[in-house]
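Visitor:
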Amino acid sequence: MVDGLAARLLIEIDRTSDVIATLHVHNASSRVIQDHFASLLRDDIGFGEEIVLTPQEGLVTRARPDFFFPVAEGRGIIAEVERGGTTTNNHDLKDLWKAHVAPDAQHLFLIVPNNNWKPDGQPREKPFPLVARRLGAFFGDPRREIDVLSVHVFGY
2 MVDGLAARLL IEIDRTSDVI ATLHVHNASS RVIQDHFASL LRDDIGFGEE
52 IVLTPQEGLV TRARPDFFFP VAEGRGIIAE VERGGTTTNN HDLKDLWKAH
102 VAPDAQHLFL IVPNNNWKPD GQPREKPFPL VARRLGAFFG DPRREIDVLS
152 VHVFGY
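Here it is, written out as structure tokens:
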């Protein structure tokens, strides 16, 4: 089911890539990008928006992801949309932590820019490959495992 939802999201991102290209420009509002992906996740796929998840015992904070999709009782997918601070402010790692500590989320869909832009339209940084590498480091070695079953990283 999770892979099926990921495939649907990938199709929607690809289908709207021209729209995304007009929205994701230097100095554009993060809210504009968030709203576009909200339409895809909420309206087209069925994610809930900004749902407060069950708190982890012993932690003060309660995860409130951008989007959440319940897969079964006590199981679900967190979806987060990032833009400028994806790697410079470690938002990708914060999102992974959010999925790790939320008892009712076992999967993370992380939507990140392929490029962030300079004023002249040239790429300033390329978050997607860095995020894929950083988050991939948490899988495959029992010493680094976390309580997240899967991470799907989508580039736009």
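Under our numbering, the first residue of the sequence shown is numbered 2, with each subsequent residue one higher. Heads up, the beta-carbon is just placed ideally off N, CA and C, and yes, glycines get one too. Quantities reported herein were computed from a predicted structural model and do not represent experimental measurements.
Output yes or no for whether 8 Å exceeds the beta carbon distance between R149 and H101.
Guide: It should be noted that the sequence gives Val, not Arg, for residue 149. In contact: V149 and H101 (Cβ atoms closer than 8 Å).
Visitor: For R1, which three-state DSSP category applies?
Guide: No information on residue 1 is available, as it lies outside the stretch 2 to 157 that the chain covers here.
Visitor: For W118, which residues does DSSP report across the bridge?
Guide: For W118, which the question treats as bridged, DSSP gives the partners P124.
Visitor: Pull up the distance between the alpha-carbon of R16 and that of V26, whole angstroms please.
Guide: Going from the Cα of R16 to the Cα of V26 covers about 19 Å.
Visitor: Would you kindly work out how many angstroms separate the C-alpha atoms of N116 and I21, rounded to a whole number?
Guide: For N116 and I21, the distance between alpha carbons rounds to 12 Å.
Visitor: From the DSSP output, in three-state form, read off E74 for me.
Guide: Looking at E74 - three-state DSSP - the assignment turns out to be coil, as it is neither helix nor strand.
Visitor: Should the region 43 to 56 be called in touch with the region 139 to 154, which here means at least 3 C-beta pairs below 8 Å?
Guide: Judged by Cβ distances under 8 Å, the region 43 to 56 makes no contact with the region 139 to 154, as fewer than three pairs qualify.
Visitor: If I follow the unbroken alpha helix (DSSP H) through I21, where does it start and stop?
Guide: Its alpha helix (DSSP H) spans residues S18 to L24.
Visitor: Since I believe I78 is in contact with A106 (beta carbons under 8 Å), could you give me their beta-carbon distance rounded to a whole number of angstroms?
Guide: Yes, they are in contact, since the Cβ atoms of A106 and I78 sit about 7 Å apart, within 8 Å.
Visitor: Would you give the residue range spanned by the alpha helix (DSSP H) that F38 belongs to?
Guide: Unbroken alpha helix (DSSP H) run through F38: S31 to A39.
Visitor: Would you please state the rounded distance, in angstroms, between the beta carbons of A1 and F48? I believe it to be under 8 Å.
Guide: The question about residue 1 has no answer, for the chain in this structure spans 2 to 157.
Visitor: With a cut-off of 8 Å on the beta carbons, I'd call I120 and T88 a contact; round off their distance for me.
Guide: Note on residue identity: the sequence assigns Pro, not Ile, to residue 120. Not quite, the Cβ-Cβ distance comes to about 20 Å (not below 8 Å), so this is no contact.
Visitor: Candidates D96, S31, V132 and H37: which alpha carbon is nearest P66's?
Guide: Here the closest residue by C-alpha is D96.
Visitor: Please say whether L10 and L41 have beta carbons closer to each other than 8 Å?
Guide: The answer is yes: Cβ separation under 8 Å.
Visitor: Please confirm whether F38 and V82 have their CB atoms less than 8 Å apart.
Guide: Yes.
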